[in-house]
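Undergrad:
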Amino acid sequence: MTDVFGDLVGQDEAVDTLRRAAASAAALLRAAVPVAAGAPAGGYDDLDALAEEFDGTDADSGPAPAAEADPGAGMTHAWIFTGPPGSGRSVAARAFAAALQCVHGTGCGSCPGCHTTLTGTHADVRLVVPDGLSIGVGEMRALVLRAASTPSGGRWQVVIIEDADRLTEAAGNALLKAIEEPPPRTVFLLCAPSTHPDDISVTIRSRCRVVPLRQPPPAAVAEVLVRRDGIAPDVAEWAAAAAQGHVGRARRLARDPEARQRRDAVLAVPRRLTGVGAAFDAASALIEAAEAEAAASVVEIDEAERTALQTALGAGGTGRGAAGAMRGAAGQLKDLEKRQKSRATRAQRDALDRALVDLAGFYRDALTMALRAPVAPVHTDTAALAGAGAQKWDAEGSLRRLEAVLECRAAIEANVKPRIAVEAMMLALWRG
Ligand SMILES: [Zn+2]
Numbered sequence: 008m009t010d011v012f013g014d015l016v017g018q019d020e021a022v023d024t025l026r027r028a029a030a031s032a033a034a035l036l037r038a039a040v041p042v043a044a045g046a047p048a049g050g051y052d053d054l055d056a057l058a059e060e061f062d063g064t065d066a067d068s069g070p071a072p073a074a075e076a077d078p079g080a081g082m083t084h085a086w087i088f089t090g091p092p093g094s095g096r097s098v099a100a101r102a103f104a105a106a107l108q109c110v111h112g113t114g115c116g117s118c119p120g121c122h123t124t125l126t127g128t129h130a131d132v133r134l135v136v137p138d139g140l141s142i143g144v145g146e147m148r149a150l151v152l153r154a155a156s157t158p159s160g161g162r163w164q165v166v167i168i169e170d171a172d173r174l175t176e177a178a179g180n181a182l183l184k185a186i187e188e189p190p191p192r193t194v195f196l197l198c199a200p201s202t203h204p205d206d207i208s209v210t211i212r213s214r215c216r217v218v219p220l221r222q223p224p225p226a227a228v229a230e231v232l233v234r235r236d237g238i239a240p241d242v243a244e245w246a247a248a249a250a251q252g253h254v255g256r257a258r259r260l261a262r263d264p265e266a267r268q269r270r271d272a273v274l275a276v277p278r279r280l281t282g283v284g285a286a287f288d289a290a291s292a293l294i295e296a297a298e299a300e301a302a303a304s305v306v307e308i309d310e311a312e313r314t315a316l317q318t319a320l321g322a323g324g325t326g327r328g329a330a331g332a333m334r335g336a337a338g339q340l341k342d343l344e345k346r347q348k349s350r351a352t353r354a355q356r357d358a359l360d361r362a363l364v365d366l367a368g369f370y371r372d373a374l375t376m377a378l379r380a381p382v383a384p385v386h387t388d389t390a391a392l393a394g395a396g397a398q399k400w401d402a403e404g405s406l407r408r409l410e411a412v413l414e415c416r417a418a419i420e421a422n423v424k425p426r427i428a429v430e431a432m433m434l435a436l437w438r439g
């Protein structure tokens with residue numbers, strides 16, 4: 008576990024995909040540049056053949072692929088790493104970039120190609136991390152232009168875009184052009200929470216290969232909390248189980264008393280459902296708690312972005328062209344507000360979803376206890392309550408309640424108004 012993929016916790020499938028793609032990419036480079044032959048390669052003819060091979064559009068007339076280049080697991084010019092926050096999207100993108108630049112083509116972790124990529128000093132790897140403001144069109148155009156140049160290291164030009172969900176529409180279009188007609192040696196690695204159209208445009212999505220990252224297993228998360236964060240093993244185990252494998256959430260639960268309080272409030276829901284009125288009260292409380300948590304999570308970054316934009320616009324002056332600048336400024340402010348609003352909505356959706364996942368864990372515990380299944384409970388601290396529920400509801404009633412929570416999640420995902428979906432769920436949980 009000392010290679011570049013060693014830091015990806017519990018992502019075996021994604022790592023497998025990336026390893027094969029890196030091997031395939033290395034094989035393509037060898038096929039295109041026959042250094043052993045001594046003859047100079049055929050310049051652009053070779054690169055064109057490489058580009059065709061790369062896209063998988065021409066398997067017959069291009070250079071014969073090397074043995075390791077599994078056609079089904081091949082390379083492509085554009086990738087999207089998706090997964091919930093904390094699942095390791097940018098870790099995966101950096102590791103893959105390192106594997107592409109690795110002189111052994113494997114991501115060995117110790118050669119200069121791997122090392123400079125991971126430390127952020129490789130000349131052919133560009134990392135875009137939007138700090139405060141979104142990624143604008145000017146920055147993206149410059150980036151695309153530089154990315155089209157020949158890689159100085161002779162391998163690939165790699166562009167990593169973290170938080171690709173924060174591209175402005177114009178920047179997204181500039182990127183799309185590059186992805187549609189990619190220079191033969193350029194690879195784009197995008198990171199986004201999901202492939203939902205709110206996060207990434209449908210057209211960009213359609214040009215990319217998606218690498219979904221999952222929430223890693225609790226044991227792997229607990230191990231990381233102990234090893235990297237110095238959290239006591241028993242706390243780490245509890246937090247990893249309660250967070251159902253989410254690295255960042257487990258870390259917060261282990262360290263942040265407020266996060267623990269919010270979770271306690273959610274897990275108190277089942278015993279508070281004593282009637283119709285109580286069900287509606289519980290729905291309101293859940294929605295409002297999610298809104299408050301979401302607001303707290305975005306307030307700082309919203310403020311920082313507004314300040315940064317105002318500072319940038321304040322330098323505009325009042326001379327010639329000021330009117331045009333003002334019109335531009337209004338547009339930028341509107342753009343920022345629009346993005347902040349959509350981020351707030353997403354944060355609320357995420358907070359509510361976390362609460363629903365906690366609640367589903369409770370009814371799952373009741374179900375496994377009713378079935379006497381030999382599995383550890385998700386929530387060890389409410390296991391006694393879940394056991395009481397299991398006796399009262401039996402397996403069937405526990406399953407119906409679990410399904411009510413999962414249906415609520417699905418309804419919100421399908422854009423049903425959260426309050427309506429949560430009220431319906433609470434009534435179903437009360438009636439059973
Ligand atoms: Zn290496």
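Under this note's numbering, residue 439 is the last one in the sequence shown; the count climbs by one each step, no gaps. The beta-carbon is built from N, C-alpha and C at its ideal position, and this holds for glycine as well. Predicted model only: the values in this text are computed from it and were never measured.
For the structure I just gave you, are there three or more beta carbon pairs, one from the stretch 354 to 373 and one from the stretch 285 to 301, closer than 8 Å?
TA: yes
Undergrad: Sorted by chain position, which residues of the same chain lie with C-beta nearer than 7 Å to Q528's C-beta, five sequence neighbours on each side aside?
TA: Because the chain in this structure spans residues 8 to 439, residue 528 falls outside the shown range and cannot be described.
Undergrad: Out of A261, E188, V283 and A431, which one is the CA nearest neighbour of R416?
TA: Numbered from its first residue, the sequence shown carries residue 416 at position 409. Out of A261, E188, V283 and A431, A431 has the C-alpha closest to the C-alpha of R416.
Undergrad: Beta-carbon within less than 8 Å of V273's beta-carbon, same chain only, minus the 5 sequence neighbours each way: which residues are those?
TA: Within the sequence shown, the letter at position 266 stands for residue 273. So the list reads L293, A296, A362, D365 and L366, once near-sequence residues are dropped.
Undergrad: Is there contact between the stretch 366 to 377 and the stretch 399 to 410, where contact requires at least three CB pairs shorter than 8 Å?
TA: yes
Undergrad: Residues in its own chain within less than 6 Å of A178 by CB, not counting five upstream and five downstream?
TA: Start at 1 with the first residue of the sequence shown, and residue 178 comes out as number 171. Taken in chain order, the residues that qualify are I142, G143, V144 and M147.
Undergrad: Applying the 10 Å Cβ sphere with the 16-neighbour rule, what's the burial state of T314?
TA: In the sequence shown, the residue the question calls residue 314 occupies position 307. Exposed, because fewer than 16 other Cβ atoms sit within 10 Å of the Cβ of T314.
Undergrad: State the beta-bridge partners of Q164 as determined by DSSP.
TA: On the sequence shown, position 157 is the one that residue 164 refers to. Paired residue(s): T193.
Undergrad: Mapping DSSP to helix, strand and coil, what is P158?
TA: Mapped onto the sequence shown, residue 158 falls at position 151. The answer is coil: DSSP assigns P158 none of H, G, I, E or B.
Undergrad: Quick one: what does DSSP say T113 is sitting in, helix, strand or coil?
TA: Sequence index remark: in the sequence shown, residue 113 carries index 106 (1-based). Here T113 sits in coil by DSSP.
Undergrad: Which one or two residues does DSSP pair with W86 in a beta bridge?
TA: In the sequence shown, the residue the question calls residue 86 occupies position 79. Note: W86 sits in a beta bridge opposite L196 and R216.
Undergrad: Classify A421 as buried or exposed, calling it buried when 16 or more other Cβ atoms lie within 10 Å of its own Cβ.
TA: Your numbering for residue 421 matches position 414 in the sequence shown. It counts as exposed.
Undergrad: My understanding is that R426 touches A290, with C-beta atoms under 8 Å, so please give their C-beta distance in whole angstroms.
TA: Sequence index remark: in the sequence shown, residue 426 carries index 419 (1-based). Sequence index remark: in the sequence shown, residue 290 carries index 283 (1-based). Confirmed, Cβ separation roughly 7 Å.
Undergrad: In terms of residues, what are the limits of the alpha helix (DSSP H) holding R133?
TA: Residue numbering aside, residue 133 sits at position 126 when the sequence shown is read from its first letter. No alpha helix (DSSP H) holds R133; the beta strand (DSSP E) holding it covers V132 to V135.
Undergrad: G120: beta carbon under 7 Å from a heavy atom of ligand 1?
TA: On the sequence shown, position 113 is the one that residue 120 refers to. Yes.
Undergrad: Does I142 come out as helix, strand or coil in the three-state DSSP assignment?
TA: Numbered from its first residue, the sequence shown carries residue 142 at position 135. I142 falls in the strand class under three-state DSSP.
Undergrad: V194: buried (16+ other C-beta within 10 angstroms of its C-beta) or exposed?
TA: Working through the sequence shown from its first residue, we reach residue 194 at position 187. Looking at its Cβ environment, which holds 16 or more other Cβ atoms inside 10 Å, V194 is buried.
Undergrad: Taking DSSP as the reference, what is the three-state secondary structure of S68?
TA: Your numbering for residue 68 matches position 61 in the sequence shown. Unreliable positioning characterises S68 in this predicted model, as indicated by a pLDDT of 39, which lies under 50. The coordinate reading is nonetheless provided below. DSSP places S68 in coil when its eight states are reduced to three.
Undergrad: Can you give the beta carbon distance from P384 to A393, rounded, assuming they're within the 8 Å contact cut?
TA: The count along the sequence shown starts at 1 and reaches residue 384 at position 377. The count along the sequence shown starts at 1 and reaches residue 393 at position 386. Between A393 and P384 the Cβ distance is about 7 Å, and since that is below 8 Å, they are a contact.
Undergrad: So, for A243: in the same chain, excluding its five sequence neighbours on each side, which residues have a beta-carbon less than 6 Å away from its beta-carbon?
TA: Along the sequence shown, one-based indexing puts residue 243 at 236. Cβ within range, chain order: A229, L232 and V233.
Undergrad: Pairs of beta-carbons, one from the stretch 109 to 125 and one from the stretch 189 to 205, closer than 8 Å: are there three or more?
TA: no
Undergrad: According to DSSP, simplified to helix, strand and coil, what is L174?
TA: By 1-based counting over the sequence shown, the position of residue 174 is 167. If DSSP states are grouped into helix, strand and coil, L174 belongs with the strands.
Undergrad: Would you mind stating whether L182 and V151 have Cβ atoms separated by less than 8 Å?
TA: Counted from its first residue, the sequence shown places residue 182 at position 175. Counted from its first residue, the sequence shown places residue 151 at position 144. Yes, these two residues count as a Cβ contact at 8 Å.
Undergrad: Rounding to the nearest angstrom, what Cα-Cα distance links L436 and L260 in this structure?
TA: The residue given as residue 436 occupies position 429 in the sequence shown. The residue given as residue 260 occupies position 253 in the sequence shown. A straight-line Cα-Cα distance of about 26 Å links L436 and L260.
Undergrad: Following the continuous alpha helix (DSSP H) through G394, name the residue where it begins and the one where it ends.
TA: Here residue 394 is taken as the residue at index 387 of the sequence shown, counted from 1. Start and end: A390 to E420.
Undergrad: Rounding to the nearest angstrom, what Cα-Cα distance links D52 and L25 in this structure?
TA: By 1-based counting over the sequence shown, the position of residue 52 is 45. By 1-based counting over the sequence shown, the position of residue 25 is 18. Any reading at D52 must be qualified, since the residue scores a pLDDT of 40, below 50, and its modelled position is unreliable; the value itself is stated next. Whole-angstrom Cα-Cα distance: 28 Å.
Undergrad: Whose C-alpha, out of D288, E414 and V98, is nearest the C-alpha of C198?
TA: Indexing the sequence shown from 1 puts residue 198 at position 191. Taking only the C-alpha atoms, the option nearest C198 is V98.
Undergrad: DSSP state of K424, grouped into three classes?
TA: Within the sequence shown, numbered from 1, the residue matching residue 424 stands at position 417. Coil, per DSSP.
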